[in-house]
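Visitor: The structure follows.
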Amino acid sequence: MADAEIIDGKVFAQKLRSRITSATEIIKQKYNSTPGLAVVLVGEDPASEVYVRNKGKQTTECGMVSFEHKLTDEVSQSELLDLIQKLNNDESVDGILVQLPLPEHIDPQAVLDAINPEKDVDGFHVVNAGKLATGGDALVPCTPLGCLLMLKDYFGDLSGKNAVVVGRSNIVGKPMAALLTRENCTVTIAHSRTKDLPSVCRSADILIAAVGKAEMVEEDWVSEKTVVIDVGINRIPAPERGEGKMRLVGDVAFDEVKRKAKAITPVPGGVGPMTIAVLLRNTIEAACRRRGWDLPDL
Ligand code: GUN
């Protein structure tokens, strides 16, 4: 039996960024304006700082304008809300992203809901979540949209596929299920209380693992027809690399599952690289919708 095909997210994200660069160029020539993305970082979480730096770098590499707002973790909720109002009213800002997690004293939903839904490139605002659920033209959360783009590239038409989404978070599981339903998949949302989870997963043509549990999906959870998309990013001890060393793994036991499944995304190098590329895609889409521009091909 052949090993699973490896779906390379780095290559896919690179191709998407090159389409975004072309789209940005078309917009500049046609409308004499450049889409802008504002990222707000509160505090000094090292992982968030790396993430925000990468976002800024990729935004400018694609020809867009990057605005970065770094606030100390002592900032009050009302000061943060004031900044968001300023960004909402700033014509040169097309997308606003507030990096999560926020410090304990700030209510994340209050902050996310203060963002103008037309600029909500994370797709976390209740208006965008509602539009996605009811079939409107929503801005869609980046990670599930990245998974969908890879699946459409792999399969072409997704109609009639059995899709199992493990995990029901607002950021991945729920929007993922809505997107797959929109593509005419038969969708099952599974979670920690699902009975006989391995056998539910085995029935999947498409299996999305988004639970945040290291290497939970094992070889007997998939069949030879399953295409596995691993959304998990978990840090686990790696004593084989030296004392105190860690390594990144997904929610899928990659080495064993790849011996059986039809195709699989690795961690790292699968879904992860897609997220920022999709954020930039959402920024172009937000700019075009809000400003009434024609949306170039993406
Ligand atoms: N923190 C980690 N991933 C994300 C993301 O996709 N969006 C935001 N806003 N914060 C994050």
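Under the numbering used here, think of the first position of the sequence shown as 717, with each following residue one higher. Where a beta carbon is used, it is the ideal one built from N, C-alpha and C, also for glycine. Only a predicted model underlies this, so the values are computations on that prediction, with no experimental measurement involved.
Tell me which residues share the same chain as valine 965 and place their Cβ nearer than 7 Å to its Cβ, disregarding the 5 neighbours each side in the sequence.
Guide: Around valine 965: Ala930, Glu931, Asn950, Ile952 and Val983.
Visitor: Report whether the distance from the Cβ of threonine 981 to the nearest heavy atom of the ligand GUN is below 7 Å.
Guide: No, the beta carbon of threonine 981 sits no closer than 7 Å to any heavy atom of the ligand GUN.
Visitor: Quick one: what's got a C-beta closer than 7 Å to threonine 999's C-beta in the same chain, skipping five residues either side?
Guide: Closer than 7 Å at the Cβ level, and outside the excluded window around threonine 999, lie Pro751, Leu753, Met780, Asp810, Gly811 and Val837.
Visitor: Distance check for glycine 772 and aspartate 789, CA to CA, integer angstroms please.
Guide: Approximately 20 Å, taken between the alpha carbons.
Visitor: Taking C-alpha atoms, which residue in Thr942, Asp869 and Leu913 lies nearest to alanine 920?
Guide: Here the closest residue by C-alpha is Thr942.
Visitor: For alanine 979, which residues from the same chain have a beta carbon less than 6 Å from its beta carbon, with the 5 sequence-adjacent residues on both sides left out?
Guide: Cβ within range, chain order: Ala720, Glu721, Ile723 and Val943.
Visitor: I'd like to check one pair, valine 888 with proline 914: are the Cβ atoms closer than 8 Å?
Guide: In this structure, valine 888 does not lie closer than 8 Å to proline 914 by Cβ.
Visitor: Is there at least one non-hydrogen atom of the ligand GUN closer than 7 Å to the beta-carbon of glutamine 815?
Guide: Under cutoff, so the answer is yes.
Visitor: Are the Cβ atoms of asparagine 816 and alanine 993 separated by less than 8 Å?
Guide: One point to set straight first is that residue 816 is leucine, not asparagine, in the sequence displayed. No, these two residues do not count as a Cβ contact at 8 Å.
Visitor: Assuming alanine 926 and glycine 948 are in contact, meaning their beta carbons sit under 8 Å apart, how far apart are those beta carbons, in whole angstroms?
Guide: Indeed, because the Cβ distance is near 7 Å, the residues count as touching under 8 Å.
Visitor: Measuring only the C-alpha atoms, how far is histidine 841 from glutamate 834?
Guide: Each residue's Cα considered, the two are about 10 Å apart.
Visitor: Does DSSP put serine 782 in a helix, a strand or coil?
Guide: Three-state result, serine 782: strand.
Visitor: Looking at the ligand GUN, does it come within less than 7 Å of cysteine 858, judged from the CB to the closest heavy atom?
Guide: The answer is yes for cysteine 858.
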